[in-house]
Amino acid sequence: MEIYRNACPRNCFASCSMLSYVHNGEIIKVSGDPKHGFNQGRLCAKGYAFTQYVYSPYRLKYPIMQSPRGSGNWKRITWDEAYSIIIDKILELNVRYGSNLACGYNKFSGNLGLLHYAVEGMFNSFGPHTKPVGNPCLISGEQAIRSSFGQTVSLMPEKMADANLIVIWGANPAVTNVHQMKFIFKARQKGAKLVVIDPIFTQTAAKADIYIQVNPGTDGLLAHAIAKILIDSSLYDQEFIDNQTTNWIEFRQYVSTEVNITEVSQETGVSIEVINELANLYSFSKPCVTWIGFGIQRNKNGRENISAINTLAALAGTLQRGKGGVYYAHNGLGDFPANLLNHQGPKHSYINTSREININNFAEEALKLSEPPLKFLWIASRNPLSQDHDFKTWELLFHELELIVTVDLFMTRTAELSDLVLPATTHFEDPDLNISYWHQWLSYNEQAIPAYFESKSDLQIARDLTKKLNELSPNFSNFPYELEPIDWIEREITPSVKELYSLKSYKQLLDGPHLRNDEKYSEGSTSMNFHFVFPKKDALGSEASTNVIEDYDSYPFKLITPQSLLRIHSQYETLSWLSSENDEAIVELSEYAAAKYWISEGEKVEVYNLNGSIAATARINRYLPKKVILVNQVGKNPINQVIVHEENSNIGKSSANFYDSSVNIRKWRD
Amino acid sequence: MTEMVKQMGFVFNIDLCIGCKACEIACRNENQTVSAVKWRKVSKLTDDTYLSISCNHCSSPECFRVCPENAFTKRGDGIVQINSNLCTGCGLCISACPFSAPQYDPELHKVSKCQMCYPRQDKGFLPACIEACSTGAIDMENLDSFCSREAVSTIPGFPNSRLTDPSIVFYPAKKRKRYFLN
Chain A
7 MEIYRNACPR
17 NCFASCSMLS
27 YVHNGEIIKV
37 SGDPKHGFNQ
47 GRLCAKGYAF
57 TQYVYSPYRL
67 KYPIMQSPRG
77 SGNWKRITWD
87 EAYSIIIDKI
97 LELNVRYGSN
107 LACGYNKFSG
117 NLGLLHYAVE
127 GMFNSFGPHT
137 KPVGNPCLIS
147 GEQAIRSSFG
157 QTVSLMPEKM
167 ADANLIVIWG
177 ANPAVTNVHQ
187 MKFIFKARQK
197 GAKLVVIDPI
207 FTQTAAKADI
217 YIQVNPGTDG
227 LLAHAIAKIL
237 IDSSLYDQEF
247 IDNQTTNWIE
257 FRQYVSTEVN
267 ITEVSQETGV
277 SIEVINELAN
287 LYSFSKPCVT
297 WIGFGIQRNK
307 NGRENISAIN
317 TLAALAGTLQ
327 RGKGGVYYAH
337 NGLGDFPANL
347 LNHQGPKHSY
357 INTSREININ
367 NFAEEALKLS
377 EPPLKFLWIA
387 SRNPLSQDHD
397 FKTWELLFHE
407 LELIVTVDLF
417 MTRTAELSDL
427 VLPATTHFED
437 PDLNISYWHQ
447 WLSYNEQAIP
457 AYFESKSDLQ
467 IARDLTKKLN
477 ELSPNFSNFP
487 YELEPIDWIE
497 REITPSVKEL
507 YSLKSYKQLL
517 DGPHLRNDEK
527 YSEGSTSMNF
537 HFVFPKKDAL
547 GSEASTNVIE
557 DYDSYPFKLI
567 TPQSLLRIHS
577 QYETLSWLSS
587 ENDEAIVELS
597 EYAAAKYWIS
607 EGEKVEVYNL
617 NGSIAATARI
627 NRYLPKKVIL
637 VNQVGKNPIN
647 QVIVHEENSN
657 IGKSSANFYD
667 SSVNIRKWRD
Chain B
151 MTEMVKQMGF
161 VFNIDLCIGC
171 KACEIACRNE
181 NQTVSAVKWR
191 KVSKLTDDTY
201 LSISCNHCSS
211 PECFRVCPEN
221 AFTKRGDGIV
231 QINSNLCTGC
241 GLCISACPFS
251 APQYDPELHK
261 VSKCQMCYPR
271 QDKGFLPACI
281 EACSTGAIDM
291 ENLDSFCSRE
301 AVSTIPGFPN
311 SRLTDPSIVF
321 YPAKKRKRYF
331 LN
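If you're matching them up, the sequences are chains A and B in order. Sequential numbering of the first sequence, starting at 7, is according to this note's numbering. Sequential numbering of the second sequence, starting at 151, is according to this note's numbering.
Dropping the structure here:
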């Protein structure tokens with residue numbers, strides 16, 4: 007039996023390092039890598055299910071094509087046939103329009119390994135094309151952090167164990183960041199208090215010493231009210247404010263004139279006593295860490311809410327070394343050249359750059375394109391027809407597209423509506439390099455087993471396709487297809503990466519992950535300059551602040567669609583080991599809502615608004631706010647059918663507002 | 151007697167269990183059980199707590215008593231084993247066990263159950279579930295000598311266990327402060 011070192015490439019905080027146990031070319035077992043300082047030899051439930059994932063009977067084995075699109079009339083084809091179809095279309099569109107702007111891709115977080123930027127690299131290698139920009143997930147918060155701190159900040163998550171107070175705003179690590187919980191519990195065992203502020207009584211909230219339920223979207227108001235108490239009681243760090251902040255006078259003025267504690271109490275649903283209790287905790291318990299979850303930015307005031315929490319952390323004097331700090335995300339990619347992502351393509355005679363469209367409004371913007379319109383779409387590491395929003399517009403876009411290619415491991419809803427589906431490998435089948443957006447460990451992912459049937463990685467597909475393309479049309483692509491995966495990995499390990507991660511060569515990573523040399527590079531934190539950001543009047547606030555459903559409310563419920571424990575969005579759905587969470591949609595509603603609509607536990611209901619509707623099974627959650635409903639993410643019956651993101655003016659700098667949709671429910675009628 | 155008789159058992163801390171199911175799937179990963187066979191299960195105990203249980207390797211195992219084939223044995227360390235060669239799949243143990251520990255394997259037409267990873271233990275490793283628990287909610291001790299003032303032998307929601315004397319003890323949940331919206 008051989009043992010290989012792998013790294014989980016999922017869109018998850020933990021980016022675990024793992025070991026795979028291989029017998030006769032087959033993985034028989036996996037385990038956590040004891041040398042990884044964050045996951046410390048353990049995996050999550052999804053990680054322990056990888057033997058089932060790799061050998062799932064539902065995995066795609068061969069390239070397939072259907073005609074007509076959406077008919078389900080699939081035919082197995084060879085890779086050569088697939089490449090020919092794709093290349094013919096690319097070349098024909100190039101002749102038709104005089105450029106490659108009619109070709110575009112949509113790719114996001116299905117596999118976060120650095121070599122999966124091969125998709126971007128491949129399109130770059132064609133010269134100007136149509137590319138998505140922005141980030142659906144965490145960019146609003148990142149923008150807020152940058153405006154407050156002047157830079158992104160990342161503290162080692164392992165150090166949360168040293169805190170005396172941990173305040174979690176809108177994160178549910180017991181489900182989404184399981185390995186962080188041990189550091190939180192370690193702090194608690196030493197006497198720290200865990201406070202969770204969340205509209206949902208989550209699995210993490212259940213573990214909190216103090217849980218505070220808040221109306222959705224009102225976190226910033228709560229933070230400002232606590233700030234006001236700290237200011238009025240002079241319980242803030244004057245020295246820090248004098249020496250290391252800007253905009254203080256203006257902020258103080260704002261708080262004194264605009265923040266009214268009684269009003270905040272009404273809007274947030276948090277009593278004045280509890281706001282005072284929070285103020286006391288923030289001012290007297292150090293080190294105090296504030297963890298701002300990704301959930302907060304899923305609405306249009308997300309950025310302002312996060313700025314307000316940053317401000318509270320600064321005011322309470324928690325930002326200096328040893329006093330705590332703010333956890334949001336770690337900009338792991340920033341250390342690396344990301345050569346595939348940043349690959350420079352050939353120049354076009356008169357088109358200077360690629361045509362960029364906002365990934366959060368992809369279908370609508372793509373549909374509007376003309377001269378040339380978008381005609382060829384490549385989808386990889388993503389299942390937009392389950393996980394994006396505004397599906398009606400996606401359907402219109404698909405109608406205009408002449409060729410849709412999806413690369414995936416499973417027959418997703420998006421794959422079902424594509425012309426060609428190309429089978430992708432798992433991370434056990436190709437080498438890669440993995441970092442995290444939370445912790446600071448760098449992991450190498452070894453190839454442990456051969457590719458499953460005819461599956462290929464994004465990089466291998468890019469290499470094969472560009473090579474063939476150039477055979478037919480010399481110099482069409484400048485992709486260096488002769489480079490092996492290992493060459494790309496070596497090129498990521500630049501001299502600065504070697505210094506930062508104490509590495510002489512990538513080969514050392516075969517013996518275990520390396521930790522970023524944090525101390526050396528965070529010295530600047532003592533000279534950090536904090537800017538007090540505060541919102542324009544009325545930018546914070548909630549539409550759900552009244553707790554009565556009026557008869558004239560067409561769509562009285564705020565829809566929140568959190569992550570499920572045993573899924574990453576629509577990934578892992580077909581695994582029987584993980585199927586205890588139903589693959590049917592479940593809508594959780596409050597006792598109040600259930601009584602008002604005469605809906606009982608287990609009943610089939612419809613969740614709907616003007617955008618669409620889905621069938622779901624009702625479950626009554628006695629801890630849910632009256633006007634909030636929760637629906638899980640199900641790949642083949644996606645709740646995102648009722649979600650339409652309203653793009654704000656900050657193009658490419660704002661996350662998708664998945665939690666801004668209002669819906670209604672009713673009993674199902676067949 | 152050459153080996154000291156002991157009773158290894160599980161120690162389960164309700165406050166530390168986050169219901170993440172890593173133990174349940176780590177058990178499957180280790181033992182590669184078919185989908186219908188669940189040696190370890192995580193379930194909701196109350197609205198805000200979880201229970202993770204497998205075979206409790208009882209002091210007086212009902213499976214042992216009812217099996218017409220005498221397929222069950224108890225090792226010197228207290229682990230209850232089933233000899234699959236003797237099992238006919240009659241299912242009497244399944245109905246007798248208060249914890250649904252024996253599981254029917256529809257492919258082999260036999261019963262199998264948690265063996266507390268004795269092949270791992272015999273090599274000096276912890277059972278897969280305990281190794282996988284990132285918060286330390288599940289642990290194991292020799293319950294013949296284990297003594298803790300805070301540990302209790304049962305908790306509300308745990309099946310009535312007076313009959314079989316299961317080898318598991320619990321640290322119960324502590325009270326917390328919660329402020330819900332009105």
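Every residue gets a Cβ at the ideal spot worked out from N, C-alpha and C, and that includes glycine.
| Asked | Found |
| --- | --- |
| Where does residue 196 (chain A) fall in DSSP's three states? | coil |
| If we call anything under 8 Å between Cβ atoms a contact, is residue 438 (chain A) one with residue 66 (chain A)? | no |
| State buried or exposed for residue 597 (chain A), treating a residue as buried only when at least 16 other CB atoms are found within 10 Å of its CB. | exposed |
| For the segment 161-178 of chain B, which residues have a beta carbon sitting closer than 8 Å to at least one beta carbon of chain A? | 165, 166, 168, 169, 170, 171, 172, 174, 175, 176, 178 |
| Could you give the distance in angstroms between the alpha-carbon of residue 508 (chain A) and the alpha-carbon of residue 212 (chain A)? | 40 Å |
| Since residue 611 (chain A) sits in a beta bridge, which residues does DSSP pair it with? | A:622, A:673 |
| Between residue 257 (chain B) and chain A, is there a C-beta pair that is closer than 8 Å? | no |
| Quick one: is residue 559 (chain A) near chain B, going by C-beta distance under 8 Å? | no |
| Which of the three DSSP states, helix, strand or coil, is assigned to residue 266 (chain B)? | coil |
| Residue 272 (chain A) by DSSP, collapsed to three states: which one? | helix |
| Please list, in chain order, the residues of the segment 207-233 of chain A that have any C-beta partner in chain B closer than 9 Å. | 207, 209, 210, 211, 212, 213, 214, 215, 216, 217, 218, 219, 220, 221 |
| Going by CA-CA distance only, name the one from A:97, A:672, A:15, A:631 that's closest to residue 381 (chain A). | A:97 |
| Per DSSP, residue 7 (chain A) forms a beta bridge with which residues? | DSSP, once it has assigned bridges, lists no residue as partnering residue 7 (chain A). |
| Helix or strand or just coil, what does DSSP make of residue 330 (chain A)? | strand |
| Beta-carbon within less than 6 Å of residue 704 (chain A)'s beta-carbon, same chain only, minus the 5 sequence neighbours each way: which residues are those? | Residue 704 (chain A) cannot be examined here, being either before or after the span of chain A that is shown, 7 to 676. |
| Quick check: the Cα distance between residue 103 (chain B) and residue 321 (chain A), rounded to an integer number of angstroms? | With chain B represented from 151 up to 332, any question about residue 103 (chain B) goes unanswered, as that position is not in the structure. |
| Quick check for students: name the residue ranges of the beta strand (DSSP E) that lie wholly in the segment 246-322 of chain A, counting only runs of 3 or more. | 294-298 |
| Assuming residue 125 (chain A) and residue 113 (chain A) form a contact by the criterion Cβ under 8 Å, report the distance between their Cβ atoms to the nearest whole angstrom. | 5 Å |
| Jot down the residue ranges of each uninterrupted alpha helix (DSSP H) in the segment 21-76 of chain A, minimum 4 residues, whole runs only, in chain order. | 51-54, 56-60 |
| Is residue 190 (chain B) close to chain A, meaning its C-beta is less than 8 Å from at least one C-beta of that chain? | no |
| Would you check if the distance between the CB atom of residue 229 (chain A) and the CB atom of residue 335 (chain A) is smaller than 8 Å? | no |
| For residue 223 (chain B), go through chain A and note every residue whose CB falls closer than 7 Å to its CB, in chain order. | Residues of chain A passing the Cβ test: none, with the nearest at roughly 26 Å. |
| Whose C-alpha, out of A:42, A:180, A:428, A:93, is nearest the C-alpha of residue 165 (chain B)? | A:180 |
| Would you please state the rounded distance, in angstroms, between the beta carbons of residue 167 (chain A) and residue 192 (chain A)? I believe it to be under 8 Å. | 4 Å |
| Taking only beta-carbon atoms, is residue 48 (chain A) less than 8 Å away from chain B? | yes |
| Excluding five sequence neighbours on each side, which residues of the same chain lie with their C-beta closer than 7 Å to the C-beta of residue 408 (chain A)? | 95, 381, 382 |
| Kindly list, in the order they appear in chain A, the residues whose Cβ is closer than 7 Å to that of residue 330 (chain B). | 219, 629 |
| Please report the distance separating the alpha-carbon of residue 338 (chain B) from that of residue 161 (chain A). | It is not possible to answer for residue 338 (chain B), since the shown part of chain B is limited to 151 through 332. |
| Where do the ends of the beta strand (DSSP E) carrying residue 224 (chain A) lie? | It is not in any beta strand (DSSP E) - residue 224 (chain A) carries neither H nor E in the DSSP assignment. |
| Put residue 236 (chain A) into one of helix, strand or coil per three-state DSSP. | helix |
| Can you list, in chain order, the residues of its chain with a C-beta nearer than 8 Å to that of residue 460 (chain A)? Leave out the 5 residues immediately preceding and following it. | 67, 68, 69, 85, 429 |
| Under 7 Å Cβ-Cβ, which residues of chain A neighbour residue 180 (chain B)? | 35 |
| Which residues does DSSP pair with residue 361 (chain A) in a beta bridge? | A:136 |
| Apart from the five residues on each side of it in sequence, which residues of its chain come closer than 8 Å, Cβ to Cβ, to residue 53 (chain A)? | 14, 22, 24, 36, 38 |
| Give the residues from the segment 433-456 of chain A that approach chain B closer than 9 Å (Cβ to any Cβ), ordered along the chain. | none |
| Quick one: list the residues of chain A neighbouring residue 185 (chain B), beta-carbon separation under 7 Å, in chain order. | 582, 583 |
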